[in-house]
Amino acid sequence: MKKSSDLYSGVFFFFLGIILFLLIPSQIKTPIEDGFNSRFFPRVVVVALIVVSFIQIITFFFSLRKNNQSTQEHDDSVGSTGQGFPTVYEKIRLLKKPILFFSILTVYAILMPLLGFLISSLLTGISLLLLVGGFNWKYVITIVLSAVVVTLVFEQALGIQLPRMWFL
Amino acid sequence: MINSFITGFGLLFTVEIFLLMNLGIFIGVIFGAIPGLTVTLGIVLFLPFTFGMLPVNGILMLLGIYAGGTYGGSISAILINTPGTPSAAATILDGYPLAQKGHPRKALMMALTASAIGGLISAIILIFAGPQVARMTMLFGPAEYASLAIFGLSIVASISGTNLTKGIITGLIGVFIATIGIDPFEGTFRFSFGNFNLYGGIDLVPALIGLFAISEIGFKAVSAFSLTNSKIQFELSPSDKLTFSEILMNLKTIIRSALIGTVVGAVPGTGGGIAAFLSYNEAKRASKDPESFGTGSLEGIAAPEAGNNGVTGATLIPLLTLGIPGDAAVAILLGAFMVHGLIPGPSLFTDYGGITYAIMIGFFFINIFMWIQGTYLVKYFAILTLKIPEKILSAVLVFLCFAGAYTLNNTMFNVQLMIAFGFMAFILRKLDYPIIPLLIGLILGSTLELNLRRALVISQGNLSIFVARPISLIFLLLATFSIVYSLIQSKRAGSR
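Quick note, the sequences are listed as chains S and W, same order. The numbering used here puts the first residue of the first sequence at 2, with every later residue one more than the last. The numbering used here puts the first residue of the second sequence at 383, with every later residue one more than the last.
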């Protein structure tokens with residue numbers, strides 16, 4: 002059973018392929034104009050991406066037609082009212098946590114060169130605890146210890162410098 | 383060959399290597415045993431720890447994680463009826479019932495012993511078969527390498543299951559990403575968008591961490607880990623021993639299953655799960671007492687565990703000799719070899735013979751150490767893995783990811799790249815796009831391009847070079863077979 006996301010993602014990759022194909026001349030400046038130059042292989046890959054995405058789109062419509070036929074045969078069995086599908090509100094609610102998770106990671110990456118690995122890790126760890134709904138002091142202490150251990154292992158045992166606070 | 387073997391032995395016998403192998407096994411067992419954490423995740427997270435190590439030390443530590451993790455999945459399968467890894471799914475069938483009958487320790491020891499023997503048999507076959515396959519590959523030219531890379535990419539078909547077009551799309555994205563950076567022939571920059579960080583191409587490590595660790599942690603964090611109520615219901619009594627005669631009684635099953643695992647493992651695109659179920663079925667078919675299967679039979683534990691660990695050494699044969707990864711964990715190991723400057727393929731045995739033998743012999747010892755660790759630490763593994771508060775795991779794993787991505791070149795660009803790959807993998811997985819093809823494309827893309835262009839330049843654009851050379855033709859036929867077979871399987875699964 003094909004889902005509507007298969008169609009949307011197929012369309013997305015189809016257009017991504019076209020955009021990449023159009024970008025090749027500006028992004029790959031080659032002194033050799035024809036033959037197997039540096040544009041040859043990326044072009045082959047991008048054309049293949051366009052073709053396969055197109056197949057995915059076509060397959061979706063074939064599958065849809067097949068489903069419609071079977072729906073007509075079993076008219077009373079399928080939920081045409083949309084029952085069982087998430088509402089817009091539910092979709093947004095489902096997306097809230099992933100968006101928050103990747104936002105926390107982005108802020109972590111921004112803070113790391115400013116506050117250093119240790120402090121930014123502590124803030125991130127506590128934020129992630131709040132995200133998963135497991136905040137308690139025992140966990141906070143474990144996270145503090147984990148951040149310290151990771152820092153010590155990398156800096157002392159492996160001799161690899163992690164980011165420090167910007168003024169240090 | 384003998385010289386390399388002796389050099390390998392010399393390189394291997396250091397205290398540091400033996401400690402690192404044991405550390406790897408310990409980490410691997412924990413990652414394998416905690417449902418939701420995977421062997422793949424364990425290898426990705428600890429890959430950056432090996433940057434400062436010698437190649438042999440680092441690779442053997444990662445192989446320890448691989449072997450330990452493959453065994454570790456059986457601990458939670460037996461104790462809480464949840465396989466820690468997909469390859470331990472068949473162990474549940476008899477492991478959990480035996481634990482329920484009051485023999486959890488016996489079940490764990492049978493799983494451990496069968497895993498260790500399976501791994502040892504697989505390691506021996508690797509040591510002897512690997513160099514022979516590598517010798518054959520000395521005949522390869524650009525056309526053969528290009529066809530080999532196409533064969534490697536065709537594994538995407540078997541990995542993608544019913545999502546074949548999706549698998550091909552992510553595979554192509556991986557190949558495209560591999561073209562970013564400087565062109566190996568002309569020295570021109572490709573898709574670097576003027577960013578000097580991209581001139582050298584995309585670093586494999588941040589891509590790996592993003593694809594496999596960040597996206598995985600994202601899923602766990604969002605679902606807040608599911609293993610919150612798992613409790614060990616059984617006491618691991620010291621009197622509940624596995625006797626030597628019980629091992630001997632099951633030895634035939636163990637050896638047969640290990641050989642099944644070895645054959646399955648040598649075929650790229652298969653994996654421990656298939657080997658475990660094949661071994662289980664074969665053991666049941668050949669058993670004098672097939673009715674006991676499913677009720678807590680020792681044979682039913684020994685077969686899948688010997689089968690899935692039999693895969694571990696055999697899957698290194700196509701990896702080391704041809705540079706073809708068999709599954710996700712091995713694809714990451716391939717990345718680890720590359721990070722350490724060892725390019726798997728035929729030249730590995732000629733240019734780095736000593737190191738390669740040290741790794742293969744080391745893998746043999748890993749299985750012995752795994753048995754020793756398992757025997758004495760099984761109780762602690764059970765307590766440690768099943769009592770870790772899951773809610774803090776996402777935070778701790780994120781620290782490891784960020785530190786690992788940063789330390790590759792001491793640059794924040796790699797951290798940003800890791801987040802971008804993690805986000806991409808998260809979205810793709812949400813849309814049911816498999817991620818492993820992307821990694822395979824990323825790894826094999828440059829090999830394919832380099833050799834495809836070389837072959838076409840030599841043949842002046844004549845494509846018949848790929849079918850005129852017999853070895854190249856064989857690889858292309860194998861690739862076609864792999865794709866057609868997967869298509870048929872996918873169609874059958876779709877119509878069911």
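Note that beta-carbon positions come from the ideal geometry of N, C-alpha and C, so glycine has one too.
* CA-CA distance, residue 401/W and residue 502/W? -> For the purposes of this step, residue 401/W is identified with residue 19 of the second sequence, where counting begins at 1. For the purposes of this step, residue 502/W is identified with residue 120 of the second sequence, where counting begins at 1. Those two C-alpha atoms are separated by around 19 Å.
* Asked: Cβ atoms of residue 37/S and residue 835/W: under 7 Å apart, would you say?
  -> Here residue 835/W refers to the residue found at position 453 of the second sequence. Here residue 37/S refers to the residue found at position 36 of the first sequence. Going by C-beta atoms, residue 835/W is nearer than 7 Å to residue 37/S.
* Could you say which of 698/W, 721/W, 456/W and 720/W lies nearest to residue 712/W if we only look at CA atoms? => Here residue 712/W corresponds to residue number 330 of the second sequence, with the count starting at 1. When only C-alpha atoms are compared, the closest one is 698/W.
* Kindly indicate if chain W contains any beta-carbon less than 7 Å away from that of residue 43/S. => As a first step, residue 43/S is located in the first sequence; it is residue number 42 there, counting from the start. At a cut-off of 7 Å between beta-carbon atoms, residue 43/S makes contact with chain W.
* In whole angstroms, what separates the C-alpha of residue 625/W from that of residue 752/W? -> Looking up residue 625/W in the second sequence gives position 243. Looking up residue 752/W in the second sequence gives position 370. Separation of residue 625/W and residue 752/W (C-alpha to C-alpha, rounded to the nearest whole angstrom) is 19 Å.
* Measure the alpha-carbon distance for residue 602/W versus residue 780/W and round it to whole angstroms. => Here residue 602/W corresponds to residue number 220 of the second sequence, with the count starting at 1. Here residue 780/W corresponds to residue number 398 of the second sequence, with the count starting at 1. Whole-angstrom Cα-Cα distance: 11 Å.
* Asked: Which word fits residue 327/W, buried or exposed, when buried means at least 16 other C-beta atoms lie within 10 angstroms of its C-beta?
  -> Any answer about residue 327/W is impossible in this case: the structure gives chain W only from 383 up to 878.
* Asked: Who are the near neighbours of residue 686/W in its chain, counting only those whose CB is closer than 6 Å to its CB and skipping five residues on each side?
  -> Numbered from 1 along the second sequence, position 304 holds the residue referred to as residue 686/W. The residues are 472, 473, 658, 661 and 662.
* To do: Flag this pair as yes or no: are the beta carbons of residue 430/W and residue 786/W separated by less than 7 Å?
  => Working through the second sequence from its first residue, we reach residue 430/W at position 48. Working through the second sequence from its first residue, we reach residue 786/W at position 404. The answer is yes: Cβ separation under 7 Å.
* Backbone secondary structure at residue 573/W - three-state DSSP -> The residue you call residue 573/W lines up with position 191 of the second sequence. For residue 573/W, the three-state secondary structure derived from DSSP is coil.
* **Integer Cβ distance of residue 53/S from residue 552/W, believed to fall under 8 Å** => Here residue 53/S corresponds to residue number 52 of the first sequence, with the count starting at 1. Here residue 552/W corresponds to residue number 170 of the second sequence, with the count starting at 1. Contact annotation, residue 53/S with residue 552/W: C-beta distance approximately 10 Å; criterion of less than 8 Å not satisfied.
* To do: Would you kindly check if the distance between the Cβ of residue 655/W and the Cβ of residue 500/W is under 7 Å?
  => Taking the second sequence and counting its residues from 1, one reaches residue 500/W at position 118. Taking the second sequence and counting its residues from 1, one reaches residue 655/W at position 273. No, these two residues do not count as a Cβ contact at 7 Å.
* Asked: Should residue 765/W go down as buried or exposed, given a rule of 16 or more other Cβ atoms within 10 Å for buried?
  -> Translated into the one-based positions of the second sequence, residue 765/W becomes position 383. The residue is exposed, with fewer than 16 neighbouring Cβ atoms inside 10 Å.
* Asked: Helix, strand or coil for residue 564/W per DSSP?
  -> In the second sequence, counting from the first residue as 1, residue 564/W sits at position 182. If DSSP states are grouped into helix, strand and coil, residue 564/W belongs with the strands.
* Asked: Would you call residue 57/S buried or exposed, if buried means 16 or more other Cβ atoms sit within 10 Å of its Cβ?
  -> In the first sequence, residue 57/S corresponds to position 56, counting from 1. Around the Cβ of residue 57/S, a 10 Å sphere holds 16 or more other Cβ atoms; the residue is buried.
* Quick one: Cα of residue 716/W to Cα of residue 423/W, how far? -> As a position in the second sequence, residue 716/W is number 334, starting the count at 1. As a position in the second sequence, residue 423/W is number 41, starting the count at 1. Put simply, the backbone Cα of residue 716/W is about 15 Å away from that of residue 423/W.
* To do: Can you say whether residue 666/W is buried or exposed, counting buried as having 16 or more other CB atoms within 10 angstroms of its CB?
  => Position 284 of the second sequence, counted from the start, is the residue given in the question as residue 666/W. Classification for residue 666/W: buried.
* Who does residue 29/S pair with in a DSSP beta bridge? -> Reading the first sequence from its first residue, position 28 is the one you call residue 29/S. Bridge partners of residue 29/S: 572/W.
* **C-beta neighbour in chain S for residue 798/W, strict 7 Å** => Numbered from its first residue, the second sequence carries residue 798/W at position 416. Residue 798/W has a beta carbon lying within less than 7 Å of a beta carbon in chain S.
* Asked: For residue 598/W, which of helix, strand or coil comes out of DSSP?
  -> The residue labelled residue 598/W in the question sits at position 216 within the second sequence. Helix at residue 598/W.
* Scan the segment 757–771 of chain W for residues whose Cβ lies nearer than 7 Å to a Cβ of chain S and list them as they occur along the chain. => Cβ contacts with chain S: 771.
* Sub-7 Å separation of residue 484/W and residue 823/W beta-carbons -> As a working note, residue 484/W is residue 102 in the second sequence. As a working note, residue 823/W is residue 441 in the second sequence. Their beta carbons are not under 7 Å apart, which means residue 484/W does not touch residue 823/W by this criterion.
* Pull up the distance between the alpha-carbon of residue 672/W and that of residue 60/S, whole angstroms please. => Translated into positions along the second sequence, residue 672/W becomes position 290. Translated into positions along the first sequence, residue 60/S becomes position 59. Taking the straight line joining both Cα atoms gives about 45 Å.
* Taking just the CA atoms, how far does residue 124/S sit from residue 140/S? -> Here the question's residue 140/S lines up with position 139 in the first sequence. Here the question's residue 124/S lines up with position 123 in the first sequence. Rounded to the nearest angstrom, the two C-alpha atoms are 13 Å apart.
* Does the beta carbon of residue 53/S come closer than 7 Å to any beta carbon on chain W? -> Looking up residue 53/S in the first sequence gives position 52. Any Cβ of chain W closer than 7 Å to the Cβ of residue 53/S would place that residue at the interface, and such an atom is present.
* Listing by chain order, which chain C residues have their CB less than 8 Å from the CB of residue 33/S? -> You won't find chain C in this structure, because its protein chains are S and W.
* residue 833/W (DSSP reduced to helix, strand or coil) -> Looking up residue 833/W in the second sequence gives position 451. In the three-state scheme derived from DSSP, where H, G and I count as helix and E and B as strand, residue 833/W is classed as helix.
* Asked: Can you check whether the CB of residue 604/W is closer than 7 Å to the CB of residue 67/S?
  -> In the first sequence, the residue the question calls residue 67/S occupies position 66. In the second sequence, the residue the question calls residue 604/W occupies position 222. No, Cβ-Cβ distance for residue 67/S and residue 604/W is not below 7 Å.
* To do: Run down chain W in chain order and give the residues with a C-beta less than 8 Å from the C-beta of residue 57/S.
  => As a first step, residue 57/S must be located in the first sequence, where it is residue number 56. For a Cβ distance threshold of 8 Å, residue set 547, 548 and 551 of chain W lies close to residue 57/S, ordered along the chain.
* Who are the near neighbours of residue 747/W in its chain, counting only those whose CB is closer than 8 Å to its CB and skipping five residues on each side? -> Here residue 747/W corresponds to residue number 365 of the second sequence, with the count starting at 1. These residues qualify, in order along the chain: 394, 400 and 403.
* **Assigned secondary structure, residue 40/S (DSSP; H/G/I helix, E/B strand, else coil)** => Your numbering for residue 40/S matches position 39 in the first sequence. In the three-state reduction of the DSSP assignment, residue 40/S falls in the coil class.
* **Proximal residues to residue 5/S (C-beta, below 6 Å), its chain only, five neighbours per side dropped** => Taking the first residue of the first sequence as 1, we reach residue 5/S at position 4. Here residue 5/S has no same chain residue with a Cβ atom under 6 Å from its own Cβ, once five neighbours each way along the sequence are excluded.
* **Rounded straight-line distance, which links the Cα of residue 594/W to that of residue 587/W** => Translated into positions along the second sequence, residue 587/W becomes position 205. Translated into positions along the second sequence, residue 594/W becomes position 212. Going by the C-alpha atoms only, they are around 11 Å apart.
* Asked: Based on Cα-Cα distance, which residue from 728/W, 790/W, 454/W and 405/W lies nearest to residue 415/W?
  -> Reading the second sequence from its first residue, position 33 is the one you call residue 415/W. Answer by Cα proximity: 454/W.
* Tell me whether the beta-carbon of residue 818/W lies closer than 7 Å to the beta-carbon of residue 710/W. => To locate residue 818/W, count along the second sequence from 1; it is residue 436. To locate residue 710/W, count along the second sequence from 1; it is residue 328. Closer than 7 Å, so yes.
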